[in-house]
Amino acid sequence: MVELQLSSIAKYYGNVPVIKTFDLAINKGEFITLLGSSGCGKSTTLAMIAGLEAPSSGEISFQGRLLASAEKKVFVEPEARGFGVVFQSYALWPHMTVENNLAFPLRVRNIPAAEQKHRIAQTLELVGLTGLGTRYPGQLSGGQQQRVGLARALVYQPSMLLLDEPLSNLDALLREQARVWLKEIQLRLGITTLYVTHDQTEALSLSDRIVVMKNGHIEQVGTPQDIYERPATPFVAEFVGSANFIPGTVSGEAGQELHLSLPEQQTARIRDPGGFKPGDRIILAVRPEKLTPENEPSGNSLSVGLKRSIYVGERFSYECEFGGKNLQAFGKFPLSEGRVNLYFSPLAATLFPANAMVPN
Ligand SMILES: Nc1ncnc2c1ncn2[C@@H]1O[C@H](COP(=O)(O)OP(=O)(O)OP(=O)(O)O)[C@@H](O)[C@H]1O
Ligand SMILES: [Mg+2]
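According to this note's numbering, the sequence shown is numbered sequentially starting from 0.
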């Protein structure tokens with residue numbers, strides 16, 4: 000069931016478009032992530048949902064209720080939307096204890112004192128901070144402060160959770176632990192969550208669906224597997240994971256397969272994705288982990304120049320040259336430099352039209 004609906008949202012600052020015709024439907028209980036590089040409009044989108052910014056055009060509705068419409072001059076104030084928000088900087092009130100930080104949103108909503116006490120205790124337990132309620136934020140670690148930020152958003156039982164880079168202030172290890180913990184809480188509460196990050200690992204591991212954004216528009220919406228294994232554009236292929244882009248031409252069709260001519264008079268076969276015909280100029284995208292010196296029977300073989308093998312933990316990264324461009328592959332063993340054969344499956348590559356390769 001659709002809970003939050005964004006219909007043709009746009010946002011201009013002056014006459015600069017920051018969000019361009021954004022359409023998205025978020026289902027009840029879904030964990031959805033806005034993923035994109037700095038400045039692509041993630042926080043602006045979240046701020047429009049939270050009610051901190053008004054869209055320049057288009058509509059936002061939640062559970063069928065119109066929250067914002069530029070055309071109909073509707074704008075529901077943030078407090079009246081009832082969403083829990085955690086910002087990029089989690090901004091706790093330093094002069095208030097943890098308990099008082101949590102009591103504040105309850106007081107604003109006129110929750111009786113006894114109920115406040117109960118909810119605060121319950122929420123501190125949920126985020127694993129029982130016993131720390133009388134401390135001040137300055138007496139907590141970064142990770143604990145982050146939990147207080149989340150607790151403050153959860154304490155009044157919001158109808159939706161909006162999280163803007165909530166783990167960005169944590170070091171790598173804490174971040175990984177917080178990720179697991181955050182997902183558990185979200186599943187336990189079944190709360191619809193919109194999460195903002197520029198970290199692909201976070202997006203892949205937390206989300207039911209990911210919205211990949213670029214320059215204020217949506218490049219692709221899909222499950223983590225869709226996004227990773229079937230990227231819709233070269234940008235998505237490169238932004239989520241990494242990809243080698245090899246230019247070529249479709250040379251023929253045979254059954255379920257397309258034949259490709261690649262640089263240095265080499266060829267490949269891939270599963271026909273549809274929409275291409277002989278003579279078309281294409282870009283073949285192959286992920287480094289799908290390109291290896293370990294032969295597989297049905298594989299394509301490329302002869303490339305190996306420049307270096309680098310041990311990167313668990314495996315070796317091969318820096319190669321092919322058709323005058325750098326190419327990366329992975330494998331289990333060190334290889335000496337010179338000509339090597341790399342293999343990839345006809346199923347492990349994505350094809351884009353050559354003109355899809357626009358500079359970022
Ligand atoms: N109040 C404002 N006035 C003018 N431009 C703004 C304003 N707020 C944001 N922008 C611009 O809008 C664009 C999108 O900003 P936004 O904060 O949404 O990006 P973001 O995707 O959250 O980036 P980051 O990952 O760095 O947080 C940026 O180019 C930014 O400079
Ligand atoms: Mg931001």
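Glycine included, C-beta positions come from ideal geometry on N, C-alpha and C.
Query	Result
What residues sit near ligand 2, counting only those whose C-beta is closer than 7 Å to one of its heavy atoms, in chain order?	41, 42, 87, 163, 164 and 195
Under 8 Å Cβ to Cβ from residue 338, same chain only, skipping five residues before and after it: list those, please.	302, 303, 304 and 305
Answer yes or no: do residue 9 and residue 68 have a C-beta to C-beta separation smaller than 7 Å?	no
In this structure, what does DSSP give as the bridge partners for residue 326?	319
List the endpoints of the continuous beta strand (DSSP E) containing residue 27.	Per DSSP, residue 27 belongs to no beta strand (DSSP E) and is neither H nor E.
Using DSSP's beta-bridge definition, name the partner residues of residue 159.	82
Where residue 127 and residue 184 are concerned, what is the direct C-alpha to C-alpha distance, given to the nearest angstrom?	11 Å
Bridge partners of residue 311, per DSSP?	None, per the DSSP bridge assignment.
By how many angstroms is the C-alpha of residue 37 removed from the C-alpha of residue 143?	26 Å
Would the region 79-87 count as touching the region 159-174 if we require 3 or more Cβ pairs under 8 Å?	yes
Residue 194 lies in the beta strand (DSSP E); which residues open and close that run?	192-196
What is the DSSP secondary structure of residue 94, reduced to helix, strand or coil?	coil
Using the three-state DSSP reduction, which class does residue 332 fall into: helix, strand or coil?	coil
What residues in its chain sit with their C-beta under 6 Å from that of residue 58, if we drop five residues either side in the sequence?	6 and 68
What is the C-beta distance between residue 289 and residue 195, in whole angstroms, given that I count them as a contact (C-beta under 8 Å)?	Not a contact, Cβ separation roughly 29 Å.
On the DSSP bridge assignment, give the partners of residue 265 in chain order.	261
Taking its Cβ as the centre, do 16 or more other Cβ atoms sit within 10 Å of residue 70, making it buried, or is it exposed?	exposed
Under the DSSP definition of a beta bridge, which residues are partnered with residue 231?	Note: residue 231 sits in no beta bridge, so no partner.
Where do the ends of the beta strand (DSSP E) carrying residue 247 lie?	243-253
Would you grab the beta carbon distance between residue 308 and residue 334 for me? Rounded to a whole angstrom, and I think it's under 8 Å.	5 Å
Under 7 Å between the Cβ atoms of residue 283 and residue 231?	no
Specify the secondary structure class of residue 221 as computed by DSSP and reduced to three states.	strand
Would you identify the three-state DSSP class for residue 48, choosing helix, strand or coil?	helix
Excluding the 5 residues flanking residue 119 on each side, which residues of the same chain have their C-beta closer than 6 Å to its C-beta?	98 and 101
Which two residues bound the contiguous alpha helix (DSSP H) that contains residue 200?	199-205
Could you tell me how far apart the beta carbons of residue 346 and residue 328 are, in whole angstroms, since I believe they sit closer than 8 Å?	The pair is not a contact, with the Cβ atoms about 17 Å apart (cut-off 8 Å).
Ends of the beta strand (DSSP E) at residue 67?	64-68
Since residue 4 is in the alpha helix (DSSP H), which residue starts that stretch and which ends it?	No alpha helix (DSSP H) holds residue 4; the beta strand (DSSP E) holding it covers 1-12.
Throw me the rounded Cβ distance for the residue 169 and residue 177 pair, which I believe falls under 8 Å.	6 Å
Count the other CB atoms within 10 Å of the CB of residue 133; is the residue buried (16 or more) or exposed (fewer)?	exposed
Report the three-state DSSP secondary structure of residue 286 (helix, strand or coil).	coil
What is the rounded straight-line gap between the Cα of residue 280 and the Cα of residue 39?	30 Å
Provide the residue(s) that pair with residue 337 in DSSP beta bridges, ordered along the chain.	305
Please check the pair residue 159 and residue 191, which I expect to be a contact at CB under 8 Å, by giving their CB distance rounded to whole angstroms.	5 Å
Between residue 300 and the rest of its own chain, which residues show a CB-CB distance below 6 Å, the 5 nearest in sequence each way excluded?	340 and 342
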